[in-house]
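Student: Under my numbering, the residues of the sequence shown are numbered 1 to 138, in order. My structure is below; once you've seen it, I'll send some questions.
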Amino acid sequence: MLSPESSQSKDMITYENIISTLESRVPEFKENIKQHLHDQYGEVLPHLLFEDFATFFVNLLSTEGGKSSDATLHECARLIEDMLETGDEMIRNVVTVSFLEYTFESDKPYSKRARGYFLPKTIDMLESLEYGRGSKTE
């Protein structure tokens, strides 16, 4: 779960440590990371992994797992927000292409629920993507 110092560590998220950051911030996703490494012969493919993370997030949204899944959803959303705040274009690209674009389209049934967890930068990025697709009007 989010620790008090994690907001300070968000500046330390880099493309090189994205896996360890994901693993430490969302320990519920560790098995998915292990499977990713197995499937990719030990190689880390951040875009592919974050597509898996998007699927993980959507699956949590689609189940009623009580407080534990709600806390995990909040931590996932905080991690995505922190990644967008880093200013690192490679990190922002992973979030945009492999998390937001891959999964969150306004016509999906879970989209409204997902927005309830997202924080301001994530919502802004999502709306920018939707506007670019013609899903929103000014």
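The beta carbon of each residue, even a glycine, is placed where N, CA and C say it ideally should be.
1. Work out the CA separation of Thr86 and Thr55 for me, nearest whole Å.
2. Below 8 Å on the Cβ atoms is my guess for Phe104 versus Phe50; work out the distance and round it to an integer in Å.
3. Can you grab the Cα-Cα spacing for the pair Leu129 / Leu48, in whole Å?
4. Please work out which residues of its chain come closer than 7 Å, Cβ to Cβ, to Cys76, disregarding the five sequence neighbours upstream and downstream, and give them in chain order.
5. Please report the Cβ distance between Leu61 and Tyr110, rounded to the nearest whole angstrom; I am assuming they are in contact, meaning their Cβ atoms lie under 8 Å.
6. Can you find the residues in the same chain that come closer than 8 Å, C-beta to C-beta, to Arg115, ignoring five residues on each side of it along the sequence?
Tutor: Put simply:
1. 23 Å
2. Actually they are not in contact, since the Cβ atoms of Phe104 and Phe50 sit about 12 Å apart, beyond 8 Å.
3. It is roughly 20 Å from the alpha-carbon of Leu129 to the alpha-carbon of Leu48.
4. Val26, Phe57
5. 4 Å
6. Ile123, Leu126
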